[in-house]
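What follows is a set of notes on a single structure, which appears directly below.
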Amino acid sequence: MRPAIHVQYEVSAEDAGERLDRWMTDRLQEDDIEVSRTQVQRWLDEGCIRRSRPGRLKASEPVEAGDLYEVDVPEEEPLELVPDDGVPFVVAYEDDDVIVVDKPRGVVVHPGAGHMRGTLVNGLLARGVSLCTLAGAMRPGVVHRIDKDTSGLVVFAKSDRAYRTLVEAFRAHDVEREYVAIAHGRLPHREGTIDMPIARDPADRQRMAVRQGGKRAVTHFEVLELFANYSYLRLRLETGRTHQIRVHLAAIGHPIAGDPVYGPRHTLPIDGQALHARTLGFTHPDGRHLRFESDMPLDMAGLLEGLRQERIGT
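Counting in the UniProt record's numbering, the sequence shown tops out at residue 314, every number present.
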């Protein structure tokens with residue numbers, strides 16, 4: 001079995017003392033590599049994980065600050081992806097290299113644990129779209145993601161050259177990604193930048209959190225409208241960490257309305273967070289600059305209009 005991905009991680013002072021298998025699982029998941037602790041333990045036994053200093057690796061041993069680990073992530077066992085023509089989405093653009101999809105809230109981008117059907121990838125396969133396989137068996141064509149309960153624009157690579165071009169553009173932060181959101185509270189500044197590192201929450205492995213020693217995460221915001229208890233925001237991603245906008249806004253005391261993970265229980269009536277990936281711009285492999293905009297979903301637009309009517313009535 002040949003390695004599909006090679007990655008390396010250095011242990012921070014904050015993480016020193018954590019179990020190796022748990023620490024390694026978190027690092028891999030932060031890089032969107034879907035893996036369990038059991039898999040990590042097996043990779044340790046198989047020699048897929050190496051440390052900069054000598055010694056036999058044990059899953060239960062504590063990691064030490066400054067240690068460098070290299071991981072050869074084994075190639076995924078090929079699984080059959082099932083086309084699903086019941087997945088709702090709109091194609092915003094398509095050519096031989098890329099396809100840009102407008103994703104509704106509630107749809108997962110690609111198959112994974114618990115979501116083998118009903119994803120955008122399943123829907124694209126049902127449409128007959130041929131996706132690049134460089135991203136792995138379960139993530140064909142995937143170069144970035146938006147959360148299940150976030151709506152908006154996603155680009156997939158159909159050709160190998162598109163995949164390489166787009167992956168490098170995302171890595172270099174050379175992709176325009178603009179969101180709109182309705183957040184709790186009134187932000188005190190009309191515009192600003194949230195620059196806070198993000199890592200997995202040690203108290204809840206399903207959540208992310210602002211943590212010293214995490215990966216740098218930068219979100220720029222602009223207040224478009226203020227209401228009595230909410231703010232309508234435009235947000236631009238400089239980096240693209242998991243749950244970044246949701247974690248950043250919650251960290252400054254203004255979680256997104258409807259967010260089931262980072263928001264309050266009492267919120268606006270919406271199924272999922274009021275967050276929409278409105279704009280996506282990137283350079284096509286042939287050198288053209290492409291830019292797309294997506295209309296806000298009707299339920300979120302209705303919430304915004306209701307807040308405007310309340311403001312007029314007061």
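By construction, the Cβ of each residue, glycine as well, lies at the ideal position given by its N, Cα and C atoms. All values derive from a computational prediction rather than experimental measurement.
Alpha-carbon spacing of residue i relative to residue j, whole angstroms
i: Gly-258; j: Gly-302; result: 14 Å
i: Leu-20; j: Gln-8; result: 14 Å
i: Gly-252; j: Leu-237; result: This sequence places Ile at residue 252; Gly is not what is there. One C-alpha to the other measures close to 16 Å.
i: Met-1; j: Val-73; result: The predicted model places Met-1 with a pLDDT of 41, which falls under 50 and marks its position as unreliable, so this point remains unresolved.
i: Trp-43; j: Ile-49; result: 6 Å
i: Leu-68; j: Pro-297; result: 45 Å
i: Pro-269; j: Glu-310; result: 15 Å
i: Tyr-232; j: Lys-103; result: 21 Å
i: Arg-37; j: Ile-256; result: 31 Å
i: Ala-92; j: Thr-219; result: 25 Å
i: Ala-172; j: Val-261; result: 29 Å
Coil, strand or helix - residue i by DSSP
i: Tyr-163; result: helix
i: Asp-149; result: coil
i: Ala-157; result: strand
i: Leu-307; result: helix
i: Glu-80; result: coil
i: Thr-242; result: coil
i: Glu-92; result: The amino acid at residue 92 is misidentified as Glu; the sequence shows Ala. Here Ala-92 sits in strand by DSSP.
i: Glu-70; result: strand
i: Glu-227; result: Per the sequence presented here, residue 227 reads as Phe, with Glu not at that position. The answer is coil: DSSP assigns Phe-227 none of H, G, I, E or B.
i: Thr-119; result: coil
Contact under 9 Å by Cβ, residue i with residue j
i: Val-82; j: Arg-117; result: yes
i: Gln-39; j: Arg-200; result: no
i: Leu-275; j: Arg-246; result: yes
i: Asp-147; j: Gln-273; result: yes
i: Lys-158; j: Val-98; result: yes
i: Thr-242; j: Asp-32; result: yes
Distance cut-off 8 Å: residue i Cβ against heavy atoms of the ligand PLP
i: Val-11; result: The ligand PLP is not among the ligands present in this structure, which contains no ligands whatsoever.
Neighbourhood of residue i by C-beta distance below 7 Å, restricted to the same chain and skipping five residues each side
i: Ala-65; result: Val-11, Ser-12, Ala-13, Ala-16
i: Val-210; result: Met-196, Pro-197, Ile-198, Val-247, Ala-251
Reference residue i; option with closest CA among the options
i: Leu-304; options: Thr-219, Phe-227, Ile-33, Asp-45; result: Phe-227
i: Leu-153; options: Val-143, Ala-162, Ser-159; result: Val-143
i: Val-180; options: Leu-249, Glu-168, Leu-166; result: Leu-249
i: Val-87; options: Ala-126, Val-63, Asp-97; result: Ala-126
i: Ala-169; options: Ile-194, Gly-240, Pro-264; result: Gly-240
i: Ser-151; options: Leu-290, Arg-278, Gly-192; result: Arg-278
i: Glu-94; options: Val-155, Glu-80, Ser-294, Val-71; result: Val-155
i: Val-101; options: Leu-307, Glu-191, Arg-291; result: Arg-291
i: Gly-214; options: Ile-198, Val-223, Gln-206; result: Ile-198
i: Val-108; options: Pro-140, Glu-293, Cys-132, Arg-145; result: Arg-145
Nonlocal neighbours in the same chain, by C-beta distance under 8 Å from residue i, ignoring five residues either side
i: Asn-229; result: His-184, Gly-185, Arg-186
i: Asp-271; result: Arg-105, Gly-106, Asp-149, Gly-258, Asp-299
Cut-off 6 Å between Cβ atoms - residues of its own chain near residue i, not counting five sequence neighbours on either side
i: Arg-164; result: none
i: Arg-161; result: Pro-285
i: Glu-178; result: Arg-236, Arg-278, Thr-279
Any chain C beta carbon closer than 9 Å to residue i
i: Thr-242; result: Protein chain content of the structure displayed is limited to a single chain, and chain C is not contained in it.
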